[in-house]
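Chains as they are written, first to last, in the working numbering: chain S, 49 to 237; chain E, 49 to 237; chain X, 49 to 237; chain F, 49 to 237.
Backbone N, C-alpha and C define an ideal beta-carbon position, used for all residues, glycine too.
Bear in mind the structure is a predicted one, so any value in this text is a computation, not a measurement.
Written out below as structure tokens is the structure these notes cover.
Protein chains: 4
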Amino acid sequence: MGTNRLEAFSDGVIAIIITIMVLDLKVPADASPAALLHLWPTFLSYMLSFLLVAIYWVNHHHMIHLVCHVHAPMLWMNINLLFWLSLTPFVTAYMGEHRAAPLSVALYGAVQVMSACSFGLLRHVIARAAAGDPKLVALHRHARHKVVTAICLYLLSIPVAFVAVPLALLLITAPAVMYFLPDRPTEPA
Amino acid sequence: MGTNRLEAFSDGVIAIIITIMVLDLKVPADASPAALLHLWPTFLSYMLSFLLVAIYWVNHHHMIHLVCHVHAPMLWMNINLLFWLSLTPFVTAYMGEHRAAPLSVALYGAVQVMSACSFGLLRHVIARAAAGDPKLVALHRHARHKVVTAICLYLLSIPVAFVAVPLALLLITAPAVMYFLPDRPTEPA
Amino acid sequence: MGTNRLEAFSDGVIAIIITIMVLDLKVPADASPAALLHLWPTFLSYMLSFLLVAIYWVNHHHMIHLVCHVHAPMLWMNINLLFWLSLTPFVTAYMGEHRAAPLSVALYGAVQVMSACSFGLLRHVIARAAAGDPKLVALHRHARHKVVTAICLYLLSIPVAFVAVPLALLLITAPAVMYFLPDRPTEPA
Amino acid sequence: MGTNRLEAFSDGVIAIIITIMVLDLKVPADASPAALLHLWPTFLSYMLSFLLVAIYWVNHHHMIHLVCHVHAPMLWMNINLLFWLSLTPFVTAYMGEHRAAPLSVALYGAVQVMSACSFGLLRHVIARAAAGDPKLVALHRHARHKVVTAICLYLLSIPVAFVAVPLALLLITAPAVMYFLPDRPTEPA
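Quick look at the structure:
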């Protein structure tokens, strides 16, 4: 089985995840500037999630590109990744509506940990299937560093959220910046 | 007519079904841990449905892969399957919000019965069209056992839900486990 | 420009239209059988719309299949069709929630008129572009009869809705049955 | 990396954006003609947004068609465009529910400015990558005029909204008409 339908399904799910989040930008009850400004945290929360999910899409894209043959563990690990990503709209709304309350930021961080771990697991399964190709193995090993760094930062953000919310948000945003670094901006994560 | 657009449309519908269920994870009114924990049944209900729909996607994928030529009955049986699958978000929310009340679990089981029967019907139509190829016929016959078992367990879960909810949920989850059995984990259902 | 992306976009939009309608099946406030039965009209309304949109998808599929080259009027007529189809979830919810009140049935019929006319217009534009091919011209002419019949029945359903709702619903359902007639069940509309 | 998956993802996101807007057409509480007519501004707002997003889809389509090779800046500029387009459902609902209040029209115009600028940026990145091909360069230069005109009209609509709402709406609608002009109706923007 080829990668076509796996890509199509993942693209579909990720496209829906990234778009339905806008439904949580609820229209304010009155048309005053104050009511609109009150949406600010929800909007920022949406923007951050849009960016994070888009980065997953780009990296997913590059990673699947290296696969010739889809086997069962890849399918299930991919579904596992999509499951955790699908929780993003919920934690985005949760963090936005409660204006970055410590618990909501911690939960947001926790979902990022799970998503990044799932992405790492999917890469692990793909790398194992390509064990014969030294070039691919080196590529996957290099990419693993980035995922491990991201997981550590996300993990750290959970306890930090209860102490200093802005620092926790910084820790959650940092990996996104890391993926834009000049050397290989769209390299598989 | 080839299978491309049938696959694309089915992927689209299944991707939307699996993703919009997260909209039923409503953000709690306050940011307390208690309010968050109160979402537990809804979350579990979402997780179960995500898994079941994903299994349908994998099996649908494998089954359509065996088709060379789409004819009208396949199209309509496929639409029939998508219809019953599309009820999953509703029964998921129903079971989650009413915290697995007997009626809600029975209804969830009933929708599973209908989905599995529709899947069986689609396979039946596809198998009949491939009647000339003994290898495909054997493959479809083998796969039919799994579907029939699943239908029986789902059917049983309906009356059981009114006696013992946990047992009913076990009966609904069992077929999912069955599809992960080591021998042929992603074999067409 | 080929038909690939036109098909992909149309499939996407139709898949979303057909699936988001289930969001209007609102979970009842209590888990009693009475509350569930109260959803009956909404469910029937959903079922009817699912069937009608599915028929559009099948026919759209067959019609686009005959196109080699997409030109601007086809693109815009296709977008026009998608616009009217996209109103289906609204009128479905309207008819379901107001339990087939005359005005809601008439509005449902009116949206069907617009959708069928848009489909006819799209076919007209496609047929004109294929004017050189006598076989295609015959095929399109044959198919036009079905669309014209459907438009007439839908048009009739609007005034009839204010006199006899069941008759109006029958008029709306009739064209769907027509497309299942044995001779050429999935023939382009 | 080819353009296939970029197109598929963009199609998915645009298809969802264009379709979920209909969820903001809320079913009125009673089935009276008055309650239905009260939806008129929301409906017009939906119609305008459907048209604008559809025009983006057509132009996006044509523009990506000219790309042979996707590189990182294109990916990110494309994601940036999708982000601003994804705000359309929000401003559509905002303008519809507050019946074209000045602030809501200005915000609608502002989102159009951002979307058009993002589209221009994406074209800029694509044009730079095709700098070697004089024919493509001419094509992109020609198309840039349309985008710049659109941005100016959208920009103007923001202050005008606080003075004369109908004029602001006219300024927002004008670029849509411009894209239908007879000479090259589906030419890249």
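If you check the CB distance, residue 174/E and residue 115/E come in under 8 angstroms. With respect to residue 158/E, residue 206/E sits close: the two C-beta atoms are nearer than 8 angstroms. DSSP places residue 78/E outside both helix and strand once states are collapsed to three, so it counts as coil. In this structure, the beta-carbon distance from residue 90/E to residue 145/E falls below 8 angstroms. Taking 8 angstroms as the cut-off, the Cβ atoms of residue 134/X and residue 70/F count as close. Nearest Cα to residue 93/E within the set 84/E, 105/E, 73/E: 73/E.
Counting only runs of 3+ residues, no beta strand (DSSP E) is found wholly inside the region 119–181 of chain E.
At least one beta carbon of chain F lies nearer than 8 angstroms to the beta carbon of residue 137/X. Against chain F, a Cβ distance below 9 angstroms from residue 144/S picks out nothing, because the smallest value is about 13 angstroms. Using a Cβ-Cβ cut-off of 8 angstroms, residue 115/S is close to nothing in chain F; its nearest Cβ partner there is about 13 angstroms away.
Residue-level contact by beta carbon fails for residue 167/F and chain S, as no gap is shorter than 8 angstroms. Contact check between the region 159–173 of chain X and the region 188–204 of chain X: three or more CB pairs, one atom from each, fall below 8 angstroms, which counts as touching.
Residue 195/X places its beta carbon 8 angstroms or farther from that of residue 222/X. Look at residue 114/F here: in three-state DSSP terms it is coil, with no helix or strand label. Counting along the chain, the unbroken alpha helix (DSSP H) around residue 226/S starts and ends at 213–226.
The alpha-carbon separation between residue 103/S and residue 209/X amounts to approximately 51 angstroms. In terms of beta-carbon proximity, residue 88/F stays away from the interface with chain X, with every pair separated by 8 angstroms or more. Going by DSSP, residue 60/X is part of the alpha helix (DSSP H) stretching over 52–68.
Within chain E, no C-beta atom comes less than 7 angstroms from the C-beta of residue 193/X; the nearest is roughly 19 angstroms away.
In terms of Cβ geometry, residue 100/F and residue 224/F form a close pair [threshold 8 angstroms]. Distance between residue 184/E and residue 171/S, taken at the CA atoms: about 33 angstroms. Residue 178/S holds the alpha-carbon nearest to the alpha-carbon of residue 111/S among 220/S, 139/S, 178/S. Inclusion of residue 65/F and residue 136/S in the CB contact set at 8 angstroms is not warranted, their separation being larger than that value. Per the coordinates, the alpha-carbon of residue 147/X lies some 19 angstroms from the alpha-carbon of residue 85/F. Here the C-alpha atom of residue 155/E lies approximately 38 angstroms from the C-alpha atom of residue 127/X. The Cβ atoms of residue 152/E and residue 77/X lie no closer than 8 angstroms to each other. The beta carbon of residue 139/S sits closer than 7 angstroms to the beta carbons of 155, 156, 159 from its chain, once the five residues preceding and following it are set aside; these are given in chain order.
Judged by beta-carbon spacing, residue 106/S lies beyond the 8 angstroms limit of residue 50/S, meaning their Cβ atoms are not closer than that value. In this structure, residue 129/E and residue 167/E form a Cβ contact; the two beta carbons are roughly 6 angstroms apart against a cut-off of 8 angstroms. Here residue 228/X is exposed, its C-beta having fewer than 16 other C-beta atoms within 10 Å.
Among the residues of chain S, those whose CB is under 7 angstroms from the CB of residue 60/E are 60, following chain order. At a cut-off of 8 angstroms between beta-carbon atoms, residue 93/E makes no contact with chain X. Ranked by Cα distance from residue 122/S, the options 97/S, 82/S, 83/S, 53/S are led by 53/S.
The beta-carbon of residue 57/X is placed no less than 8 angstroms from the nearest beta-carbon of chain E.
Going by C-alpha positions, residue 219/F is about 57 angstroms away from residue 176/S.
By the 16-neighbour rule on beta-carbons within 10 angstroms, residue 108/S is buried.
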